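Report on the structure given below.
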Amino acid sequence: MALRTRRHGAARSARDGSRRRRLPLRLLLPLLVLVALAAMLMLRGYVHSEILADHRVQPPAATDRVPEKILEGGPVIDARGGRTESLSVPDHRLVLTFDDGPDPTWTPRVLDVLKKHDAHAVFFVTGTMASRYPDLVERMVDEGHEVGLHTFNHPDLSFQSKKRIDWELSQNQLAITGAAGIRTSLFRPPYSSFADAMDNKSWPVTEYIGSRGYITVVNNTDSEDWQRPGVDEIIRRATPKGGEGAIVLMHDSGGDRSQTVAALDRFLPDLQKKGYEFDNLTEALDAPSAMTPVTGAELWKGKAWIFLVQASEKITDGLVVGLAVIGTLVIGRFVLMLLLSGVHARRVRRKGFRWGPPVTEPVTVLVPAYNEAKCIENTVRSLMASDHPIEVIVVDDGSSDGTARIVEAMGLPGVRVIRQLNAGKPAALNRGLANARHDIVVMMDGDTVFEPSTVRELVQPFGDPKVGAVAGNAKVGNKDSLIGAWQHIEYVMGFNLDRRMYDVLRCMPTIPGAVGAFRRSALEPIGGMSDDTLAEDTDVTMALHRAGWRVVYAENARAWTEAPETVQQLWSQRYRWSYGTMQAIWKHRRAVIEKGPSGRFGRVGLPFVSLFMVLAPLLAPLIDVFLLYGIVFGPTEKTIVAWLGVLAIQAVCAAYAFRLDRERMTHLISLPLQQILYRQLMYVVLLQSWITALTGGRLRWQKLRRTGAVGTPGGSVPRQRSQSSDDRRPVA
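Throughout, my numbering is defined as the position within the sequence shown, counted from one, plus 449.
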């Protein structure tokens, strides 16, 4: 009985463990999307002969092992069942053959000319082209032409193993089956010529092809149209002498075939007047058709192949369009940032610039805090060093780590603690607003420290009565790790440079929770801080724009915040930000059709936010996808140069942003690595946010783990306490 109990418990633990290890749907879906896109891209590369293609061509070899009757025989070689036979086309019969198609431009024109003159031909199609343009193969068969194999990827088969030859034949056949529902027994080797050109390298391949049930068809009249020698010369070379029959080689793909089409339109009627017939090969030889219908599983396999190839073509075409869009967005955003941030800097830094009368009256600083015991003392002490008169309200939102007791024990004048049951950050801020004594209210996070001048710099724009809110300059305090350095670059370049641009455009999307200021008279009519979204700072900023208030950026109001120190924490934070931004955009979507200030923000601000904060980051990894694909399979040098060009543009913008913020350039050393790794993480986070939004999922508030290790530069704020090694985990 005890044994059964233990087994039952173990089984239950195993089941519980399997449930715990199951990949969440929100992670599984992005992973499946990435795998599917990669598979489609690889399939496209294969079909476009960018993957597994072999472009080597065998030089001429000896012919002593080739049977004499093959070398001196006709252009049709039958090596099936151990035979060694060659056939020629009877007199006054011409078999026109076209290689390397079908081509979407030239094959339809060739077919039109053939139909016009009631002539038939044989099209030796490659699997790559037949897979991409199946409708043309179907048209060939429907109009009475014969179709033959020309391999899938057009390699010189004398270099290939039997396994690769079988693969080339089967894939070529699969494409033809999927396109036209038939299979064929005709085959023409790539790079083939006349029968007397058969040598010791190509003959064994011909024998093996015969053993697989195929008739090899070469030619005995070459128009050499691929050289584009002129219409008259093509006709001269394609015309046999003395009324002899011939297999004529032409091309309907591989380049400009306008001369071929023009030559056909003259060649066909001229030779028909001389008594020539233009037949299929089997018609000319009075043999059974080389094409047989396919049914059952083989037909469905072919159709499935064509479907997948067509899907990969459409998806990758979409990716190319997406790449063009992201390229335009990235370059456009960089140009706007460089131009408009320069305009902003010159405006606010010019001598004698003022927002209005100096703001000297006291302000209220709200500090919402939930389990900030490791940070709260540094935060409050930095406020006490402020050179502007303030009152401080710390709203303890149901902390369980003694945050409120720490602040109360400090016994600082002008600092009040308000306790409430855990209700979330918006509720804590609204509770603070209700208890604030002053009209101007500064809001900050419990893990942030201010410089002595931060509050003063932050409130000066309120000298302009049109200003309803001010965004400060949030900076990463813990930038000594790699992940911290990446976020430092992002804050300086991606946030603060953006804010300068949005300030000039008058569509600032977000007042950062770490350092922002508001008029109570602006907040009260819109209902204060809302908990409708997970990005209450973005939500309230958009609401202020719609109410007609101006939102500006104060570059000298610096605040130092503790950024996430592990990938898991960063993921949680950005997931909430991304999802919350989408919620805010959706909440304020009606602004697009409204009038007045709301309509202006809706038609200017919302598109900018949607393009630059949602669409562009979602598409940005396409640059890296095509970089990787181009390095492995494509034009490697051009791909690297293009990617380095994009990186150079980003480096210029980053350097300019660092210069405006007076930051050291040394942190930009990690910029290339940030673009390769960090951006992919942000992409997956954004994709996960999209999936959560589309599936109607709910995302709860998440509390990031803090260390309390951030102080202001120069050490004006003492460290709260020494941290254990467990408090500073390395990057996951």
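All C-beta atoms, glycine included, are put in the ideal place defined by N, C-alpha and C.
Only a predicted model underlies this, so the values are computations on that prediction, with no experimental measurement involved.
Is the beta carbon of residue j closer than 8 Å to that of residue i?
i	j	result
Leu598	Leu585	no
Gly861	Val829	Here residue 861 turns out to be Leu, not Gly, going by the sequence shown. It is a contact, given that the beta carbons lie within the stated cut-off.
Phe944	Ala918	no
Ile1125	Asp1073	yes
Gly627	Ile500	no
Ser702	Asp549	yes
Ser707	Ser651	no
Ala877	Val844	yes
Leu772	Phe1075	yes
Ala996	Pro974	yes
Gly912	Trp804	yes
Ser1119	Leu946	no
Val1182	Val574	This structure does not reach residue 1182, given that the chain is present from 450 up to 1181, and the question cannot be answered.
Gln721	His594	no
Using only the alpha-carbon positions, how far apart do residue i and residue j sit?
i	j	result
Arg1149	Asn827	At Arg1149, the pLDDT of 48 sits below 50, so the modelled position is not reliable and the matter cannot be decided from this model.
Lys611	Val666	20 Å
Gly679	Lys723	23 Å
Leu520	Val743	35 Å
Ala1040	His994	10 Å
His504	Arg613	14 Å
Arg1128	Pro1066	8 Å
Ile658	Ile664	8 Å
Met833	Ala885	17 Å
Glu821	Glu900	19 Å
Ala736	Leu536	12 Å
Leu1060	Gly781	11 Å
Leu1064	Thr1030	12 Å
Met578	Thr556	11 Å
Asn892	Thr987	One point to set straight first is that residue 892 is Met, not Asn, in the sequence displayed. Near 14 Å, if we compare the C-alpha coordinates of Thr987 and Met892.
Asn669	Asp705	24 Å
Ser660	Phe636	12 Å
Gly494	Val769	13 Å
Leu785	Glu906	26 Å
Asn879	Val898	21 Å
Leu1077	Leu480	18 Å
Val710	Asp766	29 Å
Ile683	Ala760	38 Å
Gln620	Lys1036	52 Å
Buried or exposed, going by whether 16 or more other CB atoms sit within 10 Å of the CB of residue i?
i	result
Asp896	buried
Met1114	exposed
Pro553	exposed
Arg1023	buried
Phe547	buried
Gln1169	Bear in mind that the predicted position of Gln1169 carries a pLDDT of just 41, short of 50, making it unreliable; the figure below should be weighed with that in mind. The residue is buried, with at least 16 neighbouring Cβ atoms inside 10 Å.
Ala746	exposed
Thr809	exposed
Leu823	The residue asked about is misnamed: residue 823 is Lys in this sequence, not Leu. Looking at its Cβ environment, which holds 16 or more other Cβ atoms inside 10 Å, Lys823 is buried.
Glu1004	buried
Ser1027	buried
Lys763	exposed
Asp836	exposed
Leu1122	exposed
Ser634	buried
Trp749	exposed
Gly692	exposed
Pro689	buried
Asp591	exposed
Ala1012	buried
Could you name the residues that DSSP lists as bridge partners for residue i?
i	result
Asn884	Bridge partners of Asn884: none, in fact.
Tyr1002	Ala920
Ile1248	The displayed coordinates of the chain run from 450 to 1181. Any statement about residue 1248 would go beyond what the structure contains.
Val1133	According to DSSP, which records beta bridges pairwise, Val1133 is partnered with nothing at all.
Ile932	Note: Ile932 sits in no beta bridge, so no partner.
Ala818	Asp845
Gly597	Phe573
Arg854	BP columns for Arg854 are empty, so no partner.
Thr665	Ile526 and Phe636
Glu726	Arg542
Pro737	In the DSSP output, where bridge partners are listed per residue, Pro737 has none listed.
Gln869	Asp846
Output the residue ranges of the beta strand (DSSP E) runs that lie fully inside the stretch 511 to 592 and measure 3 residues or longer, sorted by chain position. 525 to 527, 534 to 536, 542 to 548 and 570 to 574
Quick check for students: name the residue ranges of the alpha helix (DSSP H) that lie wholly in the stretch 948 to 1025, counting only runs of 4 or more. Qualifying alpha helix (DSSP H) stretches, in chain order: 969 to 972 and 985 to 995.
At which residue ranges does the stretch 1074 to 1110 contain complete alpha helix (DSSP H) runs of 4 or more residues, listed in the order of the chain? 1085 to 1109
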